[in-house]
Structure formats: structure tokens, C-alpha cells
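Here's the structure we're looking at; comments come further down.
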Amino acid sequence: MKVAMVGNPNVGKTALLNAITGGDFIIGNFPGTTVEKKEGKGKIDGVEVEFIDLPGTYGLEDVSSPDEKIARDYILNEKPDLILNVVDASNLERNLYLTLQLMEFGRPIIVALNLVDEAKKKGIEIDSEKLGKILGMPVVETVAVENIGVDELKRKILEGGKKGIIHVKTLEERIEKAEEIARKVTKKKVVAKSVGDMLDEVFTDKYLGIPIFFAFMWMAFRFTYDVASPLVTLIDLVITQLSELFSAYPVISDGVITGVGSVLVFVPNIAFLFIALAILELSGYMARAVFIMDKTMERFGLNGRSVVPLIMGFGCNVPAIMAARAIEDKNARIVTILVNPFISCSARLPIYVLFAGAFFAGMESAVIMAMYLLGVLVALFSALLLRKFVFKGEGQFIMEFPSYRFPRLKDVWLLTWNRTKHFLQKAGTVIFAMSIVIWFLTNYPSSEIRYSYAGMLGYFIQPIFAPMGWGWELSLALIMGFVAKEVVVETLGIVLGNPAAIAGLLTPAQALGFMVFTLLYMPCLATLAAIKAETESWKWTIFAVSYGILIAYTLAFIVTALGGLIF
Amino acid sequence: MVPLALMKEGSKGVVREIVGGRGAYVKLQEMGITRGKEIKVLRSSGALLVAVNGTKFVVGRGLAMKVMVDVSKDREKS
Chain F
1 MKVAMVGNPN VGKTALLNAI TGGDFIIGNF PGTTVEKKEG KGKIDGVEVE
51 FIDLPGTYGL EDVSSPDEKI ARDYILNEKP DLILNVVDAS NLERNLYLTL
101 QLMEFGRPII VALNLVDEAK KKGIEIDSEK LGKILGMPVV ETVAVENIGV
151 DELKRKILEG GKKGIIHVKT LEERIEKAEE IARKVTKKKV VAKSVGDMLD
201 EVFTDKYLGI PIFFAFMWMA FRFTYDVASP LVTLIDLVIT QLSELFSAYP
251 VISDGVITGV GSVLVFVPNI AFLFIALAIL ELSGYMARAV FIMDKTMERF
301 GLNGRSVVPL IMGFGCNVPA IMAARAIEDK NARIVTILVN PFISCSARLP
351 IYVLFAGAFF AGMESAVIMA MYLLGVLVAL FSALLLRKFV FKGEGQFIME
401 FPSYRFPRLK DVWLLTWNRT KHFLQKAGTV IFAMSIVIWF LTNYPSSEIR
451 YSYAGMLGYF IQPIFAPMGW GWELSLALIM GFVAKEVVVE TLGIVLGNPA
501 AIAGLLTPAQ ALGFMVFTLL YMPCLATLAA IKAETESWKW TIFAVSYGIL
551 IAYTLAFIVT ALGGLIF
Chain A
1001 MVPLALMKEG SKGVVREIVG GRGAYVKLQE MGITRGKEIK VLRSSGALLV
1051 AVNGTKFVVG RGLAMKVMVD VSKDREKS
């Protein structure tokens, strides 16, 4: 038996899927958490039921929206045995519009009247029995996250639902009908101003809103780096120990363990950033941030919707680029994706730490902050250019404010794990392979690096970077860094024996230029794959690479030249 | 009638018309911003924060220019 779950965004479809199947699907509190259909299998009284959780949609008519298209195509082509229409009880009228539309597909339907607890808090009570009679199909009241009504819903699913007895053809008729039905079954009490309304007044305040937003971001970053730091130290220690243990096999100790280890040490930072973002998202705050930042984003041709992907980019650009899917406007979406690699992900931090420590002792934080800031500026101005000359046209956007909810530990974990996973996969595959490759390149045909293949490659490439005064070691590190930026420090470590030895190779100005270049050039392979997948275009993927290198080279040259005058 | 984008913070009105293409019209209808609904502007800075039927929406300024709102005093009657 195949059951398609359809409903407005953020009504708790995925939470209900988890409640029915005991699954661990990621839920959010931000419209559009589910961007692809998810499948979950469950057994009800021994009957195997396959659930398909479709992305949230307000209707099925607007085919320009990818979410609506996925939902509509699925129902049309796959003809599920049953449609489970999940409805937000606190917003019945609007949700019924979709219900009426679903009836036109001629499939049996069950309505799950979810979030009845939130509705009650808003003073809304719905006569679900009456609603069922009017619609001519079963209506079950549920609170998915607390497992309320789930058993009854399962029973009704086995019974198979009903086709419904109302047929309205046009959009306007449907709107009228939805209003009429909602009026008949809803009782509304006036309630005092809710805490949510009060929070909204503060969070969206003209003067307070932006300082509060930056305060939250600052907290998230302190949490990311300070709270995670003991874990970083611990992992570092384990890696060093392991490396010594295998010192008899240099390909393992110097190659794999050092290589993969140099990446694994960032996992706590990334995970902690995503924990902080998950809490902000699940609480409902992120949607407020979208509103607060819209004005600023608009100046650069983006809109508030771009804020979340840009912030996530500080952790890892891969999930950040995937998060851009929630942006409806295609032009704004592509631009947000293309500029995302300029946001300095956590993999670039060790490069800054190394260089700032070696060349700018005493002012490391300022130099590192400047790198992050430069990344943001380049991203925003590139967005502006792209919107002005390539992706023209004004974007339109509308987004519903979700209710505030207290984040549940399990949901924070699922969201965090799902995003951190990409990073670990990268460490396990690409970085693992690269570590071995680099080790061989640096050890053959001669174990003296300058005569090894790696040395030859470095010397061959070096003239390109000669204007900035970078030697073959650094040129080689940049080439290796094509794969992933973590590899830059790793390569320097292998080539120089100790990465800190760069202090003797460069002037401070050249070092600063090198940092700028690593910030901006070439997204890592995993990010490139994400760009290709999300833009569905080789053209834009190649653009992302060449534009990045061009900007990186230009700015690195300017910084080196200017720096040479200053230092 | 005035476009939603030009309404002041704290003001109310009744949605009368959605101008512009079919796409914007369908989207707004589906989301519940339909003719005859009362709309309140909670915030206006860049995007607008509005409330319709107890639900809050962030509406981009571009889209808000397409929503025509009746703000006259006797709007309930018409």
C-alpha cells in the first residue's frame, strides 16, 4: 500500500511520518525543510505500508515552483493508494484550499488535523467530526510530536480513506468553498497576545532586530569555536598518537593518518556550528532573520531567503548550497549558490590560523576576522554584479512565519548529523584518497621532495604565481587544494616537514596575499559537485571555478602589492 | 486603493485585487492572501511583515507592489 503525504509547508508532515513509522527523518521549523520526497516504510497490523512524504506545498497549480511540481507529478503519475492530507488546525481555511484541490485527483484521502495543540493555544477549536461529514472523508486529530492521535490515524489508514464528496473546479470557487467550510467548523475565542507575538515584536523591531540577529550569530560562532575546542584538542591528540603508532609505515602514518586527521579535527567545529544553527532554525528564529536581513540583502540583489544559506556557508558550503533550494525565485537561487563558496567555510580556517600565527603574531584575530569579512564582501558584491548583468529581473518572495517551538534534542541531532555527514563523507573518500596520492607524489621518484613528482609539479606551476612571490611549495599546496582547502595545510605539512616553516618563505605581504587567494579561489570538489547538482548546469559550474580564480588572483595580487608598500 | 508595499506600519486594509501575472496571483491565493481578506501591516522595512487570518507572512517589496489594498474607512461595506 502506497500512501502519499501532502500538506502545506511546515505543518508537521515529516513529524507525523516519524510518529507513524518510528523513523528518523529530519524535521525543521522553517518552511521547506523537506525539499525532496522522502520514503518511509512501516507496518500497521502486519500490513506493509509505504509512506511518501512530499515537499510542503500551498497548492498544486503553480508549476513554476519545484516543490509543487514534485508533489503534483507524484500524485498524477504514481497514483498512490491513499493521500494523507496533513492539515494545520490553526490555519484551517488556507489548508482546506489544498484539500479541495487534492479531491480533484480522485484518490481516496484521509485528513490528519495536526497541531491541534497549537491551535488551542491560539483559541481555535475545530469540530473535526463535522468537518469529516462535510468533506465526506475521515478526519483525525493529531499532535504528531507527542504521538497523539497516531494510533487512530493508523487504523483509518488501513481502512483506506474516502474520495470526498465536494467538487469545485476553479481556483476562485475553491477559495470560497474553503472559507465557507472553515467558518462552519471553527470556533474562535479571543486570547491574550501570545508570547510568540511579543517575541516577534522584539525580533523584528526596526532598531533592535539587527543587533539581536548579530548577537545570535556571535553566540553561534563563540559556541562553534570556544565550546568545541576541547574536542578539537582531544581529536588532535588521538591522531598524533595513532600516527606514532604506525610510524613504521610512513604511507599510513604520514600519509593517511596525518592527511585524514588534518580534516577530522574540524569536525567538532562544523558539528557545533550546525547545532547552533539547528537550534535557531527549530525554534523558528531563522524565519525572523529572513525578514530582518531582507533589506540588506536586497541592496545586493538577493532577498532575505538567501541569509540562511549564506550563514550555513561558514560551516560547510555543501549543505549551504543545498539549503538554497528553499529560495523560490530561480535567479536569486542560482546567484545565492554561485556566491556561496566565497563564504569562508571552516575548512579554510586552519590556513588562516597557520599564516596569521606565522606572520602576524599578536594580531591573529584581526587578520582572521578580516578574511571572513572579505569573503562576505566578495560574495555580496558578486551577487550584485550577477544580478545586474546576468540574472536580471526582480525576484518575488513570500514566506510564512512559523510558530515558535522549543527545539527537541532529537531533532537538533538529526539536523546536525545530516549536515555534518557530508563533511565526514568527504574525509572518508576524497581526502583519504588524496592523502595517499600526495604521499606518493612527494616520495617518488626521490624521497627528497624538491626532486619528487610533487616538487616538479610545484616548479612547473610556480611561474604563474611568481608575481605574488610564492615559491614552488606554496604553488603545489594551491594545486592540491583544488580538491579541498584542508589539503593546503596538509600539503605544506608534508612538503616542509612542519607547516610553521613557511615563516621563512614569505614576506608578510605575500602571506596575506596567499590567504586571500585560498579564501577565494576554486570551491572544493564536494562544493563543485553540489553546485552542479543544484544549478543543473555545467556552464554555471565552470563559471564558478573560473570566476573564483580570476577574483582570487586579482585580489591576491593587489593585496600583495599594497601590502608590500605598507609592511 | 494603495499597493500593500506603500502601506504604513500598523495600518490595516482589505485586499481587493492582485495585479500582474497569473503566477503571483496563484501563489498569493494559495497562501491565503485573497480578495476580501483583512490585512495588517506589522512591519515595513525592505520586506513587509503582514498578518492575514492570524498568519504572519514576510512579503518581498516587489510582490507587495502587486497587492492592491482598500484602506478607505468604509471598506467593510463594499
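Protein chains in written order, with my numbering: chain F, 1 to 567; chain A, 1001 to 1078.
Heads up, the beta-carbon is just placed ideally off N, CA and C, and yes, glycines get one too.
| Item | Value |
| --- | --- |
| Contained beta strand (DSSP E) runs [length at least 3] in the region 277 to 305 of chain F, N- to C-terminal order | none |
| Alpha carbon of E61 (chain F) to alpha carbon of L1028 (chain A), nearest angstrom | 12 Å |
| Beta strand (DSSP E) segment containing R1043 (chain A), residue limits | 1038 to 1045 |
| Where the region 57 to 69 of chain F meets chain A: residues whose CB sits under 7 Å from a CB there | Y58, G59, E61, D62, S64 |
| Below-9 Å beta-carbon distance, V1058 (chain A) vs any chain F residue | yes |
| Partners in chain A for V290 (chain F), counting only beta-carbon separations shorter than 9 Å | A1047, V1058 |
| L374 (chain F) beta carbon less than 9 Å from that of L555 (chain F) | yes |
| Cα-Cα separation between S1078 (chain A) and V1019 (chain A), rounded to whole angstroms | Reliability of the predicted coordinates at S1078 (chain A) is poor, the pLDDT of 48 falling under 50, and the value obtained from them is presented with this limitation in mind. Whole-angstrom Cα-Cα distance: 19 Å. |
| Cβ pair I436 (chain F), V251 (chain F) closer than 9 Å | yes |
| Where the region 295 to 306 of chain F meets chain A: residues whose CB sits under 7 Å from a CB there | K295, E298, N303, G304 |
| Interface flag, K206 (chain F) vs chain B, CB-CB below 9 Å | In summary, chain B is missing from the structure at hand, where the protein chains are F and A. |
| Residue-chain proximity (E394 (chain F), chain A), Cβ-Cβ < 9 Å | yes |
| Spatial distance of V1069 (chain A) from V1014 (chain A) (CA atoms) | 5 Å |
| Chain F within 9 Å of R1043 (chain A), Cβ atoms only | yes |
| Identity of the residue in A:D1074, A:S1044, A:V1026, A:Y1025 nearest K1008 (chain A) by Cα | A:S1044 |
| Ordered list of alpha helix (DSSP H) runs contained in the region 159 to 240 of chain F, each at least 4 residues | 171 to 185, 195 to 203, 209 to 222 |
| Helix, strand or coil at M1 (chain F) according to DSSP, with G and I counted as helix | coil |
| 4 or more residues per run - each alpha helix (DSSP H) lying fully within the region 326 to 357 of chain F | 330 to 339 |
| Coil, strand or helix - G513 (chain F) by DSSP | helix |
| Range of the contiguous beta strand (DSSP E) that encloses K121 (chain F) | That residue, K121 (chain F), is in no beta strand (DSSP E); its alpha helix (DSSP H) goes 116 to 121. |
| Three-state secondary structure (DSSP) of K43 (chain F) | strand |
| beta-carbon D67 (chain F) near the ligand GTP non-hydrogen atom, thresh 8 Å | Inclusion of the ligand GTP in the displayed structure is not the case, the ligand content being empty and no account of it being possible. |
| Where M1031 (chain A) meets chain F, residues with beta-carbon distance less than 8 Å | Y58, R94, I398, E400 |
| Backbone secondary structure at M312 (chain F) - three-state DSSP | helix |
| Min CB distance G1027 (chain A) to chain F below 9 Å | Reading off the sequence shown, one finds Lys at residue 1027 (chain A), where the question assumed Gly. Answer yes: the Cβ-Cβ gap between K1027 (chain A) and chain F drops below 9 Å somewhere. |
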